[in-house]
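Undergrad: Numbering (the UniProt record's numbering), first residue to last: 1 to 257. My structure is below; once you've seen it, I'll send some questions.
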């Protein structure tokens with residue numbers, strides 16, 4: 001996609017080119033592949049965050065109800081495995097639906113270009129005119145882009161996607177499962193390795209530190225305010241740990257478990 005930008009600048013000038021930036025990806029300063037990698041990294045950070053909070057809340061709740069290391073290990077392992085599978089399935093279904101829609105759009109554009117290339121060129125001219133270009137300039141840009149890659153030109157102008165934006169649903173599933181697993185291992189190890197008398201406080205500290213890191217990293221990758229993102233995940237994670245520990249302690253005290 002970046003190869004199209006110099007032609008825009010040369011045809012309509014830097015000031016005019018600003019009017020057609022929707023043709024490019026929203027991350028204008030990054031190549032498509034770089035933007036895609038950032039999206040994967042953000043998804044990985046979010047998956048790790050889910051693993052940290054969900055498994056930490058589970059094992060802390062069990063620890064509050066029972067001091068049995070076996071029970072904690074069993075519950076934590078079940079949470080890790082079940083959560084990783086759930087994340088993988090959810091991501092697979094979500095990305096599959098998105099990929100199917102993108103492939104359908106790409107196939108439709110290719111078919112329309114095959115059966116009515118002149119009509120598609122006029123459509124592209126109209127799209128550029130709606131973005132603020134003068135009719136003559138819009139036609140010149142449309143002709144240039146069509147000569148370079150008509151499918152790419154139409155996909156970007158009409159749908160803001162490219163053929164290489166279609167991601168693998170299997171890849172997404174594995175990334176999501178791996179990120180969740182890595183995140184979940186931290187609270188599981190934090191509560192199983194230390195002595196029983198300090199396992200819960202150590203788990204609290206380890207989890208909150210990890211959430212600070214994931215919150216900061218996610219904000220850094222997404223370009224959002226870092227302090228707000230860190231406070232959000234830390235407060236939410238701390239609340240989950242406190243609530244599940246209190247509920248587990250209550251159940252253990254009353255003899256329900």
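All C-beta atoms in this analysis are idealised placements derived from N, C-alpha and C, irrespective of residue type, glycine included.
What is the DSSP secondary structure of residue 222, reduced to helix, strand or coil?
TA: Of the three classes helix, strand and coil, the one that applies to residue 222 here is helix, per DSSP.
Undergrad: Residue 103: buried (16+ other C-beta within 10 angstroms of its C-beta) or exposed?
TA: Residue 103 comes out exposed.
Undergrad: Alpha carbons only, please: which of 150, 122, 53, 209 is nearest the one belonging to residue 241?
TA: Comparing Cα-Cα distances from residue 241 to each of 150, 122, 53, 209, the minimum goes to 53.
Undergrad: Alpha carbons only, please: which of 65, 61, 77 is nearest the one belonging to residue 189?
TA: Looking at the Cα atoms, 77 is the closest of the given residues.
Undergrad: Touching or not, the segment 160 to 169 and the segment 93 to 100, by the rule of three or more beta carbon pairs under 8 Å?
TA: Result yes; three or more Cβ-Cβ pairs closer than 8 Å.
Undergrad: One question on the structure: do residue 48 and residue 175 come within less than 8 Å of each other, judged by their Cβ atoms?
TA: No.
Undergrad: What is the DSSP secondary structure of residue 212, reduced to helix, strand or coil?
TA: Note: residue 212 maps to helix in three-state DSSP.
Undergrad: Are at least three pairs of beta-carbons, each pair with one atom in the segment 54 to 61 and one in the segment 203 to 211, less than 8 Å apart?
TA: Yes, the segment 54 to 61 is in contact with the segment 203 to 211.
Undergrad: Find the nearest neighbour of residue 125 within the set 153, 115, 148, 114, judged by alpha-carbon distance.
TA: That would be 153, whose Cα lies nearest to the Cα of residue 125.
Undergrad: Considering Cα atoms alone, identify which of 133, 145, 95 is closest to residue 165.
TA: Among 133, 145, 95, the Cα nearest to that of residue 165 belongs to 95.
Undergrad: With distances taken between CB atoms, is the gap from residue 127 to residue 163 smaller than 8 Å?
TA: Not closer than 8 Å, so no.
Undergrad: On the CB-based measure, 16 or more other CB atoms within 10 Å of its CB, does residue 239 come out buried or exposed?
TA: Result: exposed.
Undergrad: Using the rule of at least 16 other Cβ atoms within 10 Å of the residue's Cβ for burial, across every protein chain shown, is residue 250 buried or exposed?
TA: With fewer than 16 Cβ atoms within 10 Å of its Cβ, residue 250 is classed as exposed.
Undergrad: Mind checking whether residue 121 and residue 136 have CB atoms under 8 Å apart?
TA: Their beta carbons are not under 8 Å apart, which means residue 121 does not touch residue 136 by this criterion.
Undergrad: Should residue 215 be labelled buried (16 or more other beta-carbon atoms within 10 Å of its own) or exposed?
TA: The residue in question, residue 215, is buried, as its Cβ has 16 or more Cβ neighbours within 10 Å.
Undergrad: Under the three-state reduction of DSSP, which class applies to residue 120: helix, strand or coil?
TA: Helix, per DSSP.
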